[in-house]
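Residue numbers (my numbering): 98 to 501.
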Ligand SMILES: Cc1cc2nc3c(=O)[nH]c(=O)nc-3n(C[C@H](O)[C@H](O)[C@H](O)COP(=O)(O)OP(=O)(O)OC[C@H]3O[C@@H](n4cnc5c(N)ncnc54)[C@H](O)[C@@H]3O)c2cc1C
């Protein structure tokens, strides 16, 4: 494969890098101390600037006001934006809206697209994705308790979900619910669009995660669906297709996540190196002169490069052979990059000593919140099992010759 970056993408990523450094990263301390909501007017200003620079919604369709970048191109953008915890939001390509836009675009009816896509891509409204349940294993979502039962021309939804990220302030949710309990396990559930002002859509709380309840876009909601009645025309895609659509949503989404994580690695790596070079540790000596710190720097640099190339390879495979054929590579990057990121964040924190534990740098926030990367979108173990299964399939039935 060709790793060269086109001139167009070099220009775009340079502009984004500069903007993130100059306009976005300086907002982070205020978000950490005052919360996300307090920063909304300031964030809105930055979003307007991004629109004026014609860099808004890089991965979304041109017809709805996005830039229409392909997967590999957006992977490079996602890396630049990942340097800041606010990057994707300021550029209008944040999860979970990005995935919801993708599936609405692919599976929505003309009416659904007309109603939801323009304001969502424009950033006028937000959305959320409601699959995981409190009492059932998210790792095996065919075990799902939430039901959507037909009644007249409506569905009536009942169930308890949590980790519906960014539900606080969202205008609608895409909910996964069982519509046909008798069907094959992978065809029992459907996706249904639920406007959050529908009676019976109850946001119970923002779940406290690693000591922070978060708010607005930075929250993770627990939602109780209680006789929540929506028209059957809110069905997204064919009935029973929720798992098939979820796969479509997750495959390319993992490339975006993983490149965002590479951006986080780059940021922490820069902080680690700068700190090592400037922190005196003995008269006339800095941390950077200690061999153990040099070894961490060398290891992290190699780990980040390896992880980055793996993601770009997976993106290239998806572009060339499709997400289904590339599923082993997609699973591999999920656990490799998440673990690389956790290692780099941890090393950066260690080099900062007590300062690393404070919120005076971004490292502690990343340490707390990015731990989730090894759990959401498929836990490490689930992906490793899937990779091993694919690999072993190739060996099954073949007699392996002993090498001399
Ligand atoms: C920050 C964050 C944001 C999230 N956002 C969303 C969202 O927007 N929408 C949404 O619907 N969900 C969201 N989730 C939920 C997420 O998808 C689930 O947490 C995830 O699927 C795991 O499900 P679970 O928590 O029920 O863990 P379980 O399924 O109970 O698994 C627990 C642990 O068991 C292990 N395990 C699981 N399966 C196997 C196996 N087959 N073999 C060996 N070990 C195994 C893994 O270590 C796993 O961590 C989010 C989660 C987090 C932490």
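Even glycine gets a Cβ: it sits at the ideal position worked out from N, Cα and C.
Residue i: CB within 8 Å of a non-hydrogen atom of ligand 1
{"i": "residue 262", "result": "yes"}
{"i": "residue 288", "result": "no"}
{"i": "residue 478", "result": "yes"}
{"i": "residue 276", "result": "no"}
{"i": "residue 324", "result": "no"}
{"i": "residue 226", "result": "yes"}
{"i": "residue 473", "result": "yes"}
{"i": "residue 317", "result": "yes"}
{"i": "residue 469", "result": "yes"}
{"i": "residue 229", "result": "yes"}
{"i": "residue 482", "result": "yes"}
{"i": "residue 238", "result": "yes"}
{"i": "residue 193", "result": "yes"}
{"i": "residue 306", "result": "yes"}
{"i": "residue 258", "result": "yes"}
{"i": "residue 466", "result": "yes"}
Reduced DSSP category for residue i - H, G, I as helix; E, B as strand; rest coil
{"i": "residue 302", "result": "strand"}
{"i": "residue 215", "result": "helix"}
{"i": "residue 535", "result": "No answer is possible for residue 535: the residues shown for the chain start at 98 and end at 501."}
{"i": "residue 252", "result": "strand"}
{"i": "residue 473", "result": "coil"}
{"i": "residue 279", "result": "coil"}
{"i": "residue 133", "result": "coil"}
{"i": "residue 177", "result": "helix"}
{"i": "residue 48", "result": "Any question about residue 48 goes unanswered here, given that the chain covers just 98 to 501."}
{"i": "residue 121", "result": "helix"}
{"i": "residue 356", "result": "helix"}
{"i": "residue 387", "result": "coil"}
{"i": "residue 363", "result": "helix"}
{"i": "residue 221", "result": "coil"}
{"i": "residue 446", "result": "helix"}
{"i": "residue 263", "result": "coil"}
{"i": "residue 162", "result": "coil"}
{"i": "residue 237", "result": "coil"}
{"i": "residue 318", "result": "strand"}
{"i": "residue 328", "result": "strand"}
{"i": "residue 258", "result": "strand"}
{"i": "residue 200", "result": "helix"}
{"i": "residue 423", "result": "coil"}
{"i": "residue 232", "result": "coil"}
Beta-carbon spacing of residue i, residue j below 9 Å
{"i": "residue 288", "j": "residue 334", "result": "yes"}
{"i": "residue 416", "j": "residue 229", "result": "no"}
{"i": "residue 157", "j": "residue 146", "result": "no"}
{"i": "residue 272", "j": "residue 291", "result": "yes"}
{"i": "residue 308", "j": "residue 465", "result": "yes"}
{"i": "residue 325", "j": "residue 222", "result": "no"}
{"i": "residue 109", "j": "residue 152", "result": "yes"}
{"i": "residue 191", "j": "residue 250", "result": "no"}
{"i": "residue 122", "j": "residue 174", "result": "no"}
{"i": "residue 154", "j": "residue 161", "result": "yes"}
{"i": "residue 313", "j": "residue 133", "result": "yes"}
{"i": "residue 304", "j": "residue 463", "result": "no"}
{"i": "residue 179", "j": "residue 363", "result": "yes"}
{"i": "residue 368", "j": "residue 445", "result": "yes"}
{"i": "residue 459", "j": "residue 129", "result": "yes"}
Near ligand 3: residue i beta-carbon under 8 Å from a heavy atom
{"i": "residue 235", "result": "Annotation note on ligand 3: not contained in the displayed structure, which lists ligand 1 as its ligands."}
Closer than 9 Å to chain B by CB, residue i
{"i": "residue 297", "result": "The chain labelled as chain B is not found in the depicted structure, where only one protein chain is given."}
(request) Tell me, please, whether the segment 344-363 touches the segment 399-411 by the rule of three or more beta-carbon pairs shorter than 8 Å. (result) These segments touch.
(message) Would you call the segment 400-407 in contact with the segment 422-438, where contact means no fewer than 3 C-beta pairs closer than 8 Å?
(response) yes
(request) Indicate whether the contact test is met: 3 or more Cβ pairs, each with one atom in the segment 417-432 and one in the segment 180-192, closer than 8 Å. (result) Judged by Cβ distances under 8 Å, the segment 417-432 makes no contact with the segment 180-192, as fewer than three pairs qualify.
(request) Specify whether the segment 378-394 and the segment 187-201 touch according to this definition: at least 3 beta carbon pairs, one from each stretch, less than 8 Å apart. (result) no
(request) Taking 8 Å as the threshold, find out whether the segment 206-221 comes into contact with the segment 234-251 through three or more Cβ pairs. (result) no
(message) Using 8 Å as the cut-off, can you tell me whether the segment 480-498 makes contact with the segment 452-463, which would need three or more C-beta pairs spanning the two stretches below that distance?
(response) Too few Cβ pairs lie closer than 8 Å, so no.
(message) Below 8 Å, how does it come out for the segment 340-353 and the segment 417-424: are there three or more Cβ pairs, yes or no?
(response) Using a C-beta cut-off of 8 Å, the segment 340-353 makes contact with the segment 417-424, since at least three inter-stretch Cβ pairs fall below that distance.
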